[in-house]
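>
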Amino acid sequence: MTGRKAVEVLGSPELAAARGTELFLASAVDAIARAGRFTVAFSGGSTPVPLFRRIAEQAAGSGLAWGKVHLFWSDERCVPPDHPDSNYRLVRDNLLERLPASGPLIHRIPGELPPEEAARAYEAELAQSFPCPGLPEFDMIWLGAGTDGHTASIFPGTDPAAFPGRTAVAVHAAGARHPRVTLTLRVINNARHAVFLVTGKDKAEVVAEILQGKQRDRYPAGRVAPAGGTLTWLLDREAAGRLVGLGIK
Ligand code: 6PG
32 MTGRKAVEVL GSPELAAARG TELFLASAVD AIARAGRFTV AFSGGSTPVP LFRRIAEQAA
92 GSGLAWGKVH LFWSDERCVP PDHPDSNYRL VRDNLLERLP ASGPLIHRIP GELPPEEAAR
152 AYEAELAQSF PCPGLPEFDM IWLGAGTDGH TASIFPGTDP AAFPGRTAVA VHAAGARHPR
212 VTLTLRVINN ARHAVFLVTG KDKAEVVAEI LQGKQRDRYP AGRVAPAGGT LTWLLDREAA
272 GRLVGLGIK
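Per our numbering, residue 32 is the first one in the sequence shown, and the count goes up by one each step.
Structure below.
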């Protein structure tokens, strides 16, 4: 696959979540048919909640073989899994608990451990889950974008060449409430499909900077470009408000 990029603008966060669910289910069915499993990583934050809930609603009737879905996280806060700020808990409460009993296979980032230990444990989990040589190749990685252009827990100022040889690292970002563990950019850019789900007026400026600005690389989210995969930006009309020349679905 060559690096393909798509920008889709939907009329509302709910329509963006519905479109994201279509992409999720299509990618899952394709991966399971091709490789016998679907490997997907979710990000945290508030934006993906409608997506998680929509997937849960739609999955029941889609015939998706959840036992062949391997669920990972793009990043995690270093808190216990039942902490209100846990990205695992966000998915548990809005997706996992709404699925049939035999849900996906969970590969949680152990946020309850000290940050560096948690990162190393997640790297071991990735190495075990993606036994092929080289970088883990996720079928789909879901990402959000902060107003500062961070994605996962890769924040502005992070050297793109940092963490050579690492697939997940601990991050102590100024201003972040907790230390975090994040997939590294090299893993994200090795995905078959990276999908940004970004909604809301507060993201309009950073979205325009990244998608139409001159200094895309200034933002970690702007550095996401899977060389051999597909990059999709799913936006609602508010987040796309500063883009010019794009239609709205
Ligand atoms: C996290 C996320 C983070 C998130 C952005 C956007 O752990 O916080 O992975 O990268 O995607 O901060 O967050 P909102 O969706 O809340 O705007």
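The beta-carbon is built from N, C-alpha and C at its ideal position, and this holds for glycine as well.
Going by C-alpha distance, which of L82, E269 and T78 is nearest R50?
What you label residue 50 is simply residue 19 of the sequence shown in a count that begins at 1. With distances taken between Cα atoms, R50 lies closest to L82.
> K234: beta carbon under 8 angstroms from a heavy atom of ligand 1?
Here residue 234 refers to the residue found at position 203 of the sequence shown. For ligand 1, at least one heavy atom lies less than 8 angstroms from the Cβ of K234.
> For G175, which of I241, G42, A96 and G98 has the nearest alpha-carbon?
Numbered from its first residue, the sequence shown carries residue 175 at position 144. It is I241 whose Cα lies nearest to the Cα of G175.
> I want to see whether chain D comes within less than 9 angstroms of D113, judged by CB atoms only; does it?
Absent from the structure is chain D; it holds one protein chain and no more.
> Indicate the three-state DSSP secondary structure (helix, strand or coil) for L127 in the structure shown.
Residue 127 sits at position 96 when you count from the first residue of the sequence shown. DSSP places L127 in helix when its eight states are reduced to three.
> In the structure shown, what three-state DSSP assignment does R211 receive?
Counted from its first residue, the sequence shown places residue 211 at position 180. Three-state result, R211: strand.
> For the alpha helix (DSSP H) containing F227, list its first residue and its last residue.
For the purposes of this step, residue 227 is identified with residue 196 of the sequence shown, where counting begins at 1. Premise fails: F227 lies in the beta strand (DSSP E), H224 to V229, not in any alpha helix (DSSP H).
> Residue range of the alpha helix (DSSP H) that F83 falls in?
To locate residue 83, count along the sequence shown from 1; it is residue 52. Segment V80 to S93, the alpha helix (DSSP H) holding F83.
> Going straight from the alpha carbon of R35 to that of W264, what length do you get?
What you label residue 35 is simply residue 4 of the sequence shown in a count that begins at 1. What you label residue 264 is simply residue 233 of the sequence shown in a count that begins at 1. Computed Cα separation, rounded: 11 angstroms.
> If contact is defined by three or more beta carbon pairs under 8 angstroms, each pair taking one atom from either stretch, is the stretch 223-233 in contact with the stretch 162-174?
Flag = yes, the stretch 162-174 and the stretch 223-233 touch.
> Taking DSSP as the reference, what is the three-state secondary structure of M32?
Along the sequence shown, one-based indexing puts residue 32 at 1. With a pLDDT of 44 at M32, under the threshold of 50, the modelled position of this residue cannot be trusted, and the question is left open.
> Quick one: grab the DSSP three-state call for E39.
Locating residue 39 in the sequence shown gives position 8, where the first residue counts as 1. Looking at E39 - three-state DSSP - the assignment turns out to be strand.
> Going by Cα to Cα distance, which pick from L46, I185, G134 and W97 is closest to D248?
On the sequence shown, residue 248 is found 217 positions in, with the first residue counted as 1. With distances taken between Cα atoms, D248 lies closest to I185.
> DSSP state of A193, grouped into three classes?
Translated into the one-based positions of the sequence shown, residue 193 becomes position 162. Three-state result, A193: coil.
> CB-CB under 7 angstroms to E236, same chain, minus the five flanking residues each way: which ones, in chain order?
Residue numbering aside, residue 236 sits at position 205 when the sequence shown is read from its first letter. Excluding residues within five positions, the ones whose Cβ falls inside 7 angstroms are R273.
> In the structure shown, what three-state DSSP assignment does E107 receive?
Mapped onto the sequence shown, residue 107 falls at position 76. Note: E107 maps to strand in three-state DSSP.
> Once the 5 residues before and after A96 are set aside, which same chain residues still bring their CB inside 7 angstroms of it?
Position 65 of the sequence shown, counting from 1, holds the residue named residue 96. Result list for A96: I63, in chain order.
> Tell me the DSSP bridge mates of F73?
Here residue 73 is taken as the residue at index 42 of the sequence shown, counted from 1. The partner list for F73 (beta bridge, DSSP) reads W104.
> Classify M32: buried if its beta carbon has 16 or more other beta carbons within 10 angstroms, exposed otherwise.
As a first step, residue 32 must be located in the sequence shown, where it is residue number 1. Confidence at M32 is low in this model, with a pLDDT of 44, below 50, so the placement of that residue should be treated as unreliable; the coordinate-derived value is given next. M32 comes out exposed.
> Along the beta strand (DSSP E) that carries V202, what are the first and last residues, could you check?
Counting from 1 along the sequence shown, the entry for residue 202 is found at position 171. Per DSSP, V202 belongs to the beta strand (DSSP E) from A199 to V202.
> Where do the ends of the alpha helix (DSSP H) carrying D61 lie?
Position 30 of the sequence shown, counting from 1, holds the residue named residue 61. Per DSSP, D61 belongs to the alpha helix (DSSP H) from P44 to A66.
> Determine the direct distance from the alpha carbon of K232 to that of R271, and round the result to whole angstroms.
For this step, residue 271 is matched to residue 240 along the sequence shown. For this step, residue 232 is matched to residue 201 along the sequence shown. A quick correction: the sequence has Ala, not Arg, at residue 271. Approximately 8 angstroms between the Cα atoms of the pair.
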